[in-house]
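One structure below.
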Amino acid sequence: MADIKEEFQKRFQKKPDHIFFSPGRVNLIGEHIDYNGGQVMPCAISLGTYLAISRNTDKVLRFQCLNFPDTAELHLQNSYTKSGKEWFNYPLGILNEVLGLGYSVSGLDMLFDGNLPIGAGLSSSASIEVLMTYALDQLFQLEIPKVEIALLSKKVENEFIGVNCGIMDQFAVTFGERNKAVLLNCDSLEYQLLPLDMGAYSLVIINTNKTRSLAESKYNERFAQCGAALKALRKEVDANNLCDIDIETFHSHKYLISDPVLEKRALHVISENFRVNKAAKVLSENKLREFGQLMYESHQSLKEFYEVSGIELDTIVAFCKEYEDCIGARMTGAGFGGCAIALVEKNKLEHFGKSLVEFYKGKIGHEPTVFASEIGNGVRQVS
Ligand code: GLA
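Each residue of the sequence shown is one higher than the one before, starting from 0 at the first, in numbering that gives the first Met the number 0.
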């Protein structure tokens with residue numbers, strides 16, 4: 000943080016008014032069901048994005064970042080459109096949305112700095128979106144309710160950026176709390192914070208270090224497939240979302256879906272929602288081994304039926320299954336590369352990491368990054 004303050008001073012010749020932080024997230028279980036009205040169980044992590052910000056009187060928005068060389072300098076106007084693929088489109092989209100709602104803001108000097116691996120499935124985009132919304136809310140006393148901060152940020156991802164994501168990531172980074180998982184019903188937006196007592200185990204994040212090409216278009220394709228499967232089932236089943244349907248009803252009505260690919264997609268979604276219910280129950284009873292088993296089952300379903308895993312993530316999970324002191328593992332987030340998570344006995348962490356790096360490198364050719372992660376708090380002002 001000292002760095003971002005100094006760097007801000009160097010770049011803008013003044014001190015920032017404030018520094019804000021927003022975390023990334025991992026999802027413990029409930030994958031690809033937020034946009035199907037399901038229940039998910041993400042938690043905020045301690046890595047994330049910082050923003051040093053100050054108001055200016057020049058009516059100019061200046062976007063700079065320690066992670067990327069591209070900068071932007073735009074006159075304050077009533078609306079903006081996305082330009083190219085640069086990182087500043089995320090905060091720009093938020094400004095566009097906030098201005099569109101009729102709030103007024105001044106010119107701003109902004110310096111961003113993140114320690115989340117970008118595009119690795121730890122929600123660097125939700126982190127920066129919520130960070131910007133929250134910073135504007137605090138700086139200009141907009142009094143946007145917290146749930147609206149998450150919803151507005153999601154809207155920007157959907158409409159300005161163009162990814163049909165659900166609410167999970169923005170909600171998790173807004174509402175996350177230290178050592179708690181957010182059990183969120185993505186249909187009603189009701190949520191509970193579940194204490195995460197991992198006992199002898201640690202939550203480990205494993206980054207495949209695979210660049211996720213085409214992830215956005217494949218994600219949008221899955222979104223569309225779920226819509227098509229729901230449409231077919233609704234000919235006879237009364238449901239607003241795929242996750243309103245239970246497994247028995249699905250099996251007795253799946254003949255309505257003529258495309259076998261759509262049938263597999265729906266099977267994943269409906270069974271995953273059921274797994275989340277079970278996971279919440281076993282977690283409350285402290286049955287971590289059963290929780291870990293559900294993680295493995297979730298991964299298998301994402302691999303076989305939803306087809307969003309890949310050789311890198313599957314290699315990690317295969318290793319974990321064979322490793323005695325690992326009790327559960329799965330891909331987390333959208334997939335197509337990105338990260339996996341695992342529950343590993345604390346005093347075996349070093350050995351686990353070393354052996355996994357060796358195993359993975361032998362199969363895939365490059366090294367993964369393995370690190371134990373803390374479960375942290377949601378978006379906040381840090382100075
Ligand atoms: C991405 C999206 C989320 C969610 C996950 C998959 O992270 O942003 O909304 O759909 O993928 O569970």
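Glycine included, every Cβ here is placed at the ideal spot set by N, Cα and C.
Bridge partner(s) assigned by DSSP for residue i
i: V204; result: Before going on, a small fix: residue 204 reads as Ile here, not Val. Answer by DSSP bridge pairing, in chain order: I340, F370.
i: L192; result: V181
i: P90; result: None, per the DSSP bridge assignment.
i: L50; result: F19, F111
i: Q380; result: F19
i: N157; result: None, per the DSSP bridge assignment.
i: V39; result: L183
i: N55; result: G106
i: I44; result: I374
Helix, strand or coil at residue i [DSSP, three-state]
i: K179; result: strand
i: V162; result: coil
i: G361; result: helix
i: R264; result: helix
i: Q169; result: helix
i: P259; result: helix
i: V281; result: helix
i: R24; result: strand
i: Q137; result: helix
i: E30; result: coil
i: M197; result: coil
i: F222; result: helix
i: R402; result: Nothing in the structure corresponds to residue 402, since the chain is present only between 0 and 382.
i: D245; result: coil
i: L121; result: coil
i: F7; result: helix
i: F304; result: coil
i: Q299; result: helix
i: N240; result: coil
i: K217; result: helix
i: K13; result: coil
i: K253; result: helix
i: G143; result: In the sequence on display, residue 143 carries Ile and not Gly. Coil.
i: E271; result: helix
i: E235; result: coil
i: K286; result: coil
Within-9 Å CB hit, residue i to chain B
i: F159; result: No chain B is present in this structure, which holds just one protein chain.
> When a residue counts only if its C-beta is closer than 5 Å to some heavy atom of ligand 1, which residues count, in chain order?
Replying inline: E30, H31, D33, C164, G165, M167, D168, G332, A333
> In chain order, which continuous runs of the alpha helix (DSSP H) of length 4 or greater are located wholly inside the segment 306-353?
Replying inline: 310-321
> Which full runs of the alpha helix (DSSP H) of 4+ residues lie inside the segment 60-119, going along the chain?
Replying inline: 88-99
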